[in-house]
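Engineer:
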Amino acid sequence: MDLRFTDEENAFREEVRAFFKTALPADIRRKAELGQRISKPEMLRWVRILHDKGWATPSWSPEWGGTGWDPVKQYIFKEELHMAPAPEPISFNMNMIGPTLIAFGTEEQKRHFLPKIARMDYWFCQGFSEPGAGSDLAALRTTAVRDGDHYVVNGQKLWTSTAHHAEWCFLLVRTDPAAKKQQGISYLLMDMKSPGITIRPIVTIDGHHETNEMFLDNVRVPVSQLVGEENKGWDCAKYLLGHERSGISRVGVSKMRIRRAKQLAAKVMSEGRPLIEDERFLEKVALIEVELKALEITQMRLISEIGKSHDNKPDPKSSILKIKGSQLQQATAELLMEVGGYSAMEFDAAFVSGLHSDADGDEWALTLAPNHFWARHVSIVGGSNEIQRNILAKTVLGL
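Numbering-wise, the numbering used here comes out as the position in the sequence shown, counting from 1, plus 137.
1. Ala-468 to Ser-480, Cα distance in whole Å?
2. CB Phe-261 to CB Leu-277, shorter than 9 Å?
3. Please confirm if the segment 306 to 313 is in contact with the segment 363 to 378, defined as three or more CB-CB distances below 8 Å between the two stretches.
4. Going by alpha carbons, who is nearest to Pro-314 out of Glu-367, Gly-242, Asp-144 and Gly-462?
5. Would you call the segment 277 to 296 and the segment 337 to 351 touching, i.e. three or more CB-CB distances under 8 Å?
6. Look at the Cβ atom of Met-351, then the Cβ atom of Ala-281, and state whether they are nearer than 9 Å.
7. Given 8 Å as the limit, is there contact between the segment 516 to 534 and the segment 457 to 472, that is, 3 or more CB pairs closer than that?
8. Please list the terminal residues of the continuous beta strand (DSSP E) segment that includes Lys-294.
9. Can you say whether Gly-205 is buried or exposed, counting buried as having 16 or more other CB atoms within 10 angstroms of its CB?
10. Under 8 Å: do the segment 397 to 407 and the segment 231 to 241 share three or more Cβ pairs, one atom per stretch?
11. In the DSSP assignment, find the alpha helix (DSSP H) that holds Phe-261 and state where it starts and stops.
12. Does Leu-401 come within less than 9 Å of chain C when only Cβ atoms are used?
13. Classify Ser-490: buried if its beta carbon has 16 or more other beta carbons within 10 angstroms, exposed otherwise.
14. Run the CB neighbour count on Glu-347, radius 10 Å, all protein chains shown included, and call it buried at 16 or more, exposed below.
15. Spell out a yes or no on whether the segment 435 to 443 and the segment 197 to 215 are touching, meaning 3 or more CB-CB pairs, one atom from each, closer than 8 Å.
16. Among the candidates Val-388, Val-422, Ile-175 and Lys-168, whose CA atom is the shortest distance from the CA of His-302?
17. Measure the beta-carbon distance from Gln-436 to Ser-386 and round it to whole angstroms, keeping in mind my assumption that it falls under 8 Å.
18. Quick one: is Pro-224 buried, meaning 16 or more other Cβ sit within 10 Å of its Cβ, or exposed?
And the structure:
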């Protein structure tokens with residue numbers, strides 16, 4: 138298997154890199170470089186720049202606004218986006234609900250929603266996890282009872298990221314409580330302006346408001362907003378989660394953090410010399426780089442297999458990428474934290490959230506600890522790493 142990029146692919150990488158260099162607004166690039174949170178207006182501005190270029194939804198089919206890029210070019214694009222660094226368009230829109238609607242939606246749903254999802258005229262959030270139903274998603278208890286042309290939804294969702302920004306939510310509900318766990322679940326699209334929805338913010342350990350509790354009290358959702366068949370929403374959920382995990386290794390994010398750690402280590406003094414000259418630091422960097430290269434090769438092997446299969450089905454081996462990718466994201470966030478040292482111990486939640494751009498002291502260090510804390514969650518989201526190991530044991534090893 139030849140994992141080298143072709144001349145065409147290398148030329149494509151240069152094209153993408155040049156575009157990010159000129160098209161990414163300087164203020165957004167600076168916030169991404171510092172690790173500050175990107176606001177909703179900033180995200181919309183950046184996504185619409187990508188959309189005007191035709192690059193907002195690279196994984197979608199060309200019929201619905203995709204680029205037609207093969208998996209290798211999609212990988213190159215995402216890596217260069219992370220390395221720029223540029224904000225990644227909201228995954229709920231581009232990698233989750235978009236592909237799910239293309240696969241399972243009605244023609245009417247596709248025509249109405251997909252153009253708005255691509256431009257983020259509709260910002261979607263994900264209504265999956267619940268108290269007692271996170272990694273064991275099939276244990277969800279939120280109910281939807283048919284009442285004429287509507288479903289009446291009652292229940293609670295937890296850790297609903299960006300619900301306070303969202304105009305819409307894709308929602309898993311139980312429509313047949315007598316069915317087995319994975320059965321009797323349906324997949325709905327819910328307008329977040331519907332009466333009966335209450336959003337309660339959850340401020341996480343990094344001091345940022347990203348996640349929420351969502352309470353649903355007799356929320357009426359039109360039956361026309363059912364995706365796929367009633368009681369077969371688990372098929373949609375599995376398809377969606379497979380797409381989420383296939384891009385979750387974030388090799389480019391880890392590469393960017395290593396590059397930044399080296400740059401900062403050249404400026405930080407340790408025992409009278411730059412930290413970059415410290416043998417123990419260099420050894421730690423080298424170990425992470427070796428593991429990252431192994432992950433990158435594994436991802437390229439899976440991409441090669443996808444290119445040969447021609448069925449566009451998520452590979453269960455993508456769980457490998459999720460496990461190791463999340464571990465390396467945590468390791469690189471910790472590496473940056475160590476470079477910051479005492480300077481990283483200052484905590485300015487407003488600066489992290491991007492509410493102001495100037496701060497006393499070393500502003501480059503103010504986001505290192507919060508981003509280190511935030512990285513703790515990446516081994517849980519998208520299905521915890523323990524669940525990913527179970528998936529691999531069952532589907533790959535046959536245990």
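Built from N, CA and C at the ideal position, the CB exists for glycine as well.
Structural biologist: According to the structure shown:
1. On the sequence shown, position 331 is the one that residue 468 refers to. On the sequence shown, position 343 is the one that residue 480 refers to. Roughly 19 Å separates the two Cα atoms.
2. Within the sequence shown, numbered from 1, the residue matching residue 261 stands at position 124. Within the sequence shown, numbered from 1, the residue matching residue 277 stands at position 140. Their beta carbons are not under 9 Å apart, which means Phe-261 does not touch Leu-277 by this criterion.
3. yes
4. Your numbering for residue 314 matches position 177 in the sequence shown. Nearest C-alpha to Pro-314: Glu-367.
5. yes
6. Locating residue 351 in the sequence shown gives position 214, where the first residue counts as 1. Locating residue 281 in the sequence shown gives position 144, where the first residue counts as 1. Contact: no.
7. yes
8. Here residue 294 is taken as the residue at index 157 of the sequence shown, counted from 1. Looking at the DSSP string, the run of the beta strand (DSSP E) that includes Lys-294 is 287 to 294.
9. Residue 205 sits at position 68 when you count from the first residue of the sequence shown. Counting Cβ neighbours within 10 Å, Gly-205 comes out exposed, since fewer than 16 surround it.
10. no
11. Position 124 of the sequence shown holds residue 261. Careful: Phe-261 lies outside any alpha helix (DSSP H), inside the beta strand (DSSP E) at 261 to 264.
12. Among the chains of the structure shown, chain C does not appear; only one protein chain is present.
13. Counted from its first residue, the sequence shown places residue 490 at position 353. Buried is the call here.
14. Taking the first residue of the sequence shown as position 1, residue 347 is located at position 210. With 16 or more Cβ atoms within 10 Å of its Cβ, Glu-347 is classed as buried.
15. yes
16. Here the question's residue 302 lines up with position 165 in the sequence shown. Out of Val-388, Val-422, Ile-175 and Lys-168, Ile-175 has the C-alpha closest to the C-alpha of His-302.
17. Along the sequence shown, one-based indexing puts residue 436 at 299. Along the sequence shown, one-based indexing puts residue 386 at 249. Yes, Gln-436 and Ser-386 are in contact; Cβ-Cβ is about 6 Å, under 8 Å.
18. Numbered from its first residue, the sequence shown carries residue 224 at position 87. Answer is buried; the Cβ neighbour count reaches 16.
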